[in-house]
Amino acid sequence: MNCSSTQKALCGQEECSICYERSFAIHERALMWSIENELQPHQVLKNSNKKYKFNCEDCGHKLEMILKNVYSGQWCKYCKSDGLCEEDCLFCYQKSFASHPMAESWSARNDILPRQILRRSDKKCWFDCKDCQHSFQSALYSVNNDKHCPFCKSQQLCDKEDCNICFEKSCASHEMNNAWSPENEIQPRHIFLKSNKKIKFNCLNCFHTYDNTPNHYYQRGGSCPYCANKYLCEKDNCNSCFQKSFASHPHIHCWSNKNTILPRQLFKGSEIMCVFDCDICHSEFQSRAYNVLTGYWCPYCKKKTEAIILAFLKDKFTNYKAQMRFDWCTFSQTNNIMPFDFVLTDDKILIELDGKQHFSQVSNWDAPEHVQNKDIEKIKYCIQQGYSIIHLCQEDVWKNIYDWKKVLQQEVERLKISTSQCVFIQINNIYHRHITQLESNIIYTIVNPNQ
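In structure tokens, the structure reads:
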């Protein structure tokens, strides 16, 4: 035979180097060639599509493989855990599920024996728990130990009505069963007592429906947020929530429409700051709902000096208001609105009653320079808006240092027919710094009652 590298056949002569190089004899797995084969490795092509037998030197199994697959790198399926033999083989036994502790719980429902399947298989198989008598399915690779039962580990509940084990673990065994809302898609028998799934409950005391987890209900004994004064419902016919809300307070008629929340949506004892319109002095003021509940009311009615001025304005004028706030009057450093003490709305006249903090340092107040800066900005803004403004000292009014009522009324009457300007009523030079800080285009008048 004329041997060449292009021929498809081998001469079969062991001493022929050309055919030897093309045969399986050059492969390292030729050493594992089985004597059960009729041919020798040097008599078959290395990339043959025929099956031949081998003896795996690692695990001792007999193999039958296509040569070209072996030549390309494939080898023993038993070593790679791709299969199990059916012989009395310790190697395959240890890789099979038969060697797993849970093999004792193998169910007769399976169509395969534990010795016939790898213990790391992703196939789901049935098990019969010896402790709780439940049957369950699990992928073999996820079975870690002999305590794998999802019923024993409180991961599943069965549907059997006569199973007391699952009943006791479910919400059906607890008093929350009576508070279970029909709005829930799941029944209490189908969910664990300590589940953190959101469920709807109907309070057995106030009859409100609220969301809670069974675990929280179990630990806190229901813990209705309406009974605990955490929520208010919006039902018109719920007297319980109405009585708890600010809508039931005697001062409800003083609730300002500037509030972003309705009184029916706010607890009477809330710490939220609210806006009120005083029904006595018509002042607008802010207070926490809780403070109003405990008896606190309008600060301007209670401030004695302001009350004196307010009584005077009430007696002499009909268009007065206290603590007036305008969107156009905001402090440049904070953008907060700066209110005015009093205003005669029809006449566009503002009145500021200045305490000691406007002239000297007072505890818990800003430095007088800072307070004066605010005064100057307020004067500028009110003149720009076409208002006149009168400044007078609080101490002068409180001590009746001069006939402030007469002077104030005279200035009001004068300003009604005058150009917008600022008036300082003083008996000394107390407004000196204010005056020096005014912009040059602002008209101002200094009134000394003693002259």
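Number 160 in the UniProt record's numbering belongs to position 160 of the sequence shown; there are no gaps in the numbering.
We treat Cβ as the ideally placed atom computed from N, Cα and C, and that holds for glycine.
Please report how far the alpha carbon of A30 lies from the alpha carbon of R109, in whole angstroms. 45 Å
Examine the ligand GTP and report whether any of its heavy atoms sits within less than 7 Å of the Cβ of I117. Of the ligands one can find in the structure shown there are none, so the ligand GTP has no counterpart to examine.
Looking only at C-alpha atoms, which of N428, L408, I383, I427 sits nearest to L438? I383
Could you say if the region 119–139 and the region 147–156 meet the contact criterion of at least three C-beta pairs nearer than 8 Å? yes
With DSSP as the reference, label W180 as helix, strand or coil. strand
Take the Cβ of K95 as the centre, count every other Cβ of all protein chains shown within 10 Å, and call the residue buried at 16 or more, exposed below. buried
According to DSSP, which residues form a beta bridge with A322? F342
So, are the CB atoms of Y444 and I435 less than 8 Å apart? yes
Let's test the definition: count the other Cβ atoms within 10 Å of the Cβ of H42 and tell me whether it reaches 16, buried, or not, exposed. buried
Label W328 either buried or exposed according to how many other C-beta atoms from any shown protein chain fall within 10 Å of its C-beta, with 16 as the threshold for buried. exposed
Stretch pair the region 271–287 + the region 308–327: three plus CB contacts closer than 8 Å: yes
Measuring CB to CB, does L415 end up less than 8 Å from S388? yes
Closest to S181 by C-alpha separation, out of F192, C166, K198, would be which residue? K198
Buried versus exposed, by CB contacts within 10 Å (16 or more), M273: exposed
Consider the Cβ of K198: report whether some Cβ of chain B lies at a distance smaller than 8 Å. Absence of chain B from the displayed structure is noted, only one protein chain being present.
Mapping the DSSP letters down to three states, classify H391 as helix, strand or coil. strand
Anticipated Cβ contact below 8 Å, P263 with F246, distance rounded: 4 Å
Taking C-alpha atoms, which residue in H282, H190, F54 lies nearest to H253? H282
Which term fits E369, buried or exposed, when burial requires 16 or more other beta carbons within 10 angstroms of its beta carbon? exposed
Of all the options Y231, A289, P250, which has the alpha carbon lying nearest to the alpha carbon of N259? A289
Does the distance from the C-beta atom of K51 to that of M32 stay below 8 Å? no
Just list the beta strand (DSSP E) runs in the region 345–423, keeping only unbroken ones of 3 residues or longer that don't cross its boundaries, in chain order. 349–354, 388–393
I believe V447 touches E411 by the beta-carbon criterion, under 8 Å. Please report the beta-carbon distance rounded to the nearest angstrom. 6 Å
Quick one: give me the first and last residue of the beta strand (DSSP E) that I446 is part of. 444–447
According to DSSP, what are the bridge partners of A311? Note: A311 sits in no beta bridge, so no partner.
Out of C298, D82, E104, point me to the one whose CA is closest to D122's CA. D82
Between the CA atoms of Q137 and C59 - distance to the nearest angstrom: 32 Å
With DSSP run on the structure shown, which of helix, strand or coil describes S17? helix
I need the DSSP call for E64, collapsed to helix, strand or coil. strand
As assigned by DSSP and simplified to three states, the class of S23: strand
Between which two residues does the alpha helix (DSSP H) carrying I165 extend? 164–169
If you draw a straight line from the alpha carbon of C241 to that of W255, how long is it in whole angstroms? 18 Å
Residue nearest to F317 in terms of C-alpha spacing, selected from I349, T334, T305: I349
To which residues of the same chain is W404 closer than 7 Å at the C-beta, ignoring the five residues directly before and after it? L392, D396, V397
Is DSSP giving F276 helix, strand or coil here? strand
If I follow the unbroken beta strand (DSSP E) through F285, where does it start and stop? 284–288
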